[in-house]
Each structure stands twice: as C-alpha cells, then as structure tokens.
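*Asks:* My questions will all concern the structure given below.
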Amino acid sequence: MDRIIKGKAWVFGNDIDTDVIIPGKYLRTTDMQVFADHAMEGVDLDFSKKVQKGDIIVGGDNFGCGSSREQAPLALKHAGVSCVVARYFARIFFRNAINVGLPLIEADVECKEGDELEIDLLEGTVKVNGKIYQGNKLPDFLLEILTDGGLVPHRKKLQKQESV
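Taking my numbering, the leading residue of the sequence shown gets 1082, the next gets one more, and so forth.
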C-alpha cells in the first residue's frame, strides 16, 4: 500500500449499502472476478466496465451500511478501486475494508465524478481541485494492517516474526 493514492473520483451518495456494492445473488462464489464484474451494480450497472485500476470512490454518509459481508470491500478492491473516501462509514464495512487491505478515509470531500484526487493516508488528507480536506487519520495499527495487505498477511508476518 502506498502512502499517497491518486485516482479519478467516482461519486456516490449517502447510505450506499453492501447489497448495492455487491448484490446478494453473487455471494455464492469465491471468484474475485465475479465480485469485480458486479461491483456497484446496484447503483450503476456499468461501473465495473468503466472503473479503472487506481480509481477512488467518494461516498457520503453511512457508506457500507447493511449486512456484514466482507465481499463488499473485496468487490471494490478487485474491481480496481484504490481507496474509498466517505463522510463516515458503517463500522463493519470500515473494519472489513481494513481486513481485506482496501484503504479508506473518513473526510467530507466536495468533488465531481472524474475529478482527480490525491490522498495522503498518513496525514489523513484528500486533495482535490487545489483544495485540501482534512479527514480522520487512521491509527498506526490500522495503517500497518493496510501496509501488510490486510489482516491475514499482517498476522502471517507477525507469526513469522514471533517464530524467529
């Protein structure tokens, strides 16, 4: 995971729930490509065809509400989304995103679809159109999990260190 993330904005509103992010009918698979192909289908049928690797989702309030499915952040990550920015996240989505290695930041950002964003994860800032928005900085332990690629790789790294 890079400290600085740059990408094109995809803007969505409030209360984007996990069934919109990855509809329930696709949950019977473990194929990450299926998740990627249907990411955000509940709100934009063509999102998976238009999103580019490194793009950033900007949401409003309560992003990721709904069920506790970890497939939601997995779908976004495997579709190429490099980060999700929202005013605030549903807590279970927030932690699932960290656990699967999808960076996110809580910040109240004003932008339009297609704007270029620059996110500094260590500083908790989002820069768009020359303006810098201060968001919530992630605690060091969460940044470490993200840097390691998610919770499973992080735990494996710790276990390896402990066995030395």
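Backbone N, C-alpha and C define an ideal beta-carbon position, used for all residues, glycine too. Just so we're clear, the structure is a prediction, and the values are computed from it rather than from any experiment.
Taking the alpha-carbon positions, what's the residue 1193 to residue 1235 distance?
*Replies:* 35 Å
*Asks:* Are the CB atoms of residue 1094 and residue 1198 nearer to each other than 9 Å?
*Replies:* no
*Asks:* Among 1083, 1091, 1136, 1086, whose alpha-carbon lies nearest the alpha-carbon of residue 1191?
*Replies:* Ranked by how close their Cα comes to the Cα of residue 1191, the residues 1083, 1091, 1136, 1086 have 1091 in first place.
*Asks:* So what's residue 1100 in DSSP terms, helix, strand or just coil?
*Replies:* helix
*Asks:* Anyone know if the C-beta pair for residue 1219 and residue 1205 falls short of 9 Å?
*Replies:* yes
*Asks:* Could you have a look at residue 1156 and say whether DSSP puts it in helix, strand or coil?
*Replies:* helix
*Asks:* With DSSP run on the structure shown, which of helix, strand or coil describes residue 1233?
*Replies:* helix
*Asks:* What is the residue span of the beta strand (DSSP E) that residue 1090 lies within?
*Replies:* 1085–1092
*Asks:* Considering only residues of the same chain and omitting the five flanking positions on each side of residue 1099, which have a CB-CB separation below 7 Å?
*Replies:* Around residue 1099, the same chain offers 1145, 1147, 1148, 1150, 1153, 1174 as residues with beta carbons nearer than 7 Å, after the five sequence neighbours per side are excluded.
*Asks:* First and last residue of the alpha helix (DSSP H) that includes residue 1110?
*Replies:* Unbroken run through residue 1110: none, as it is neither H nor E.
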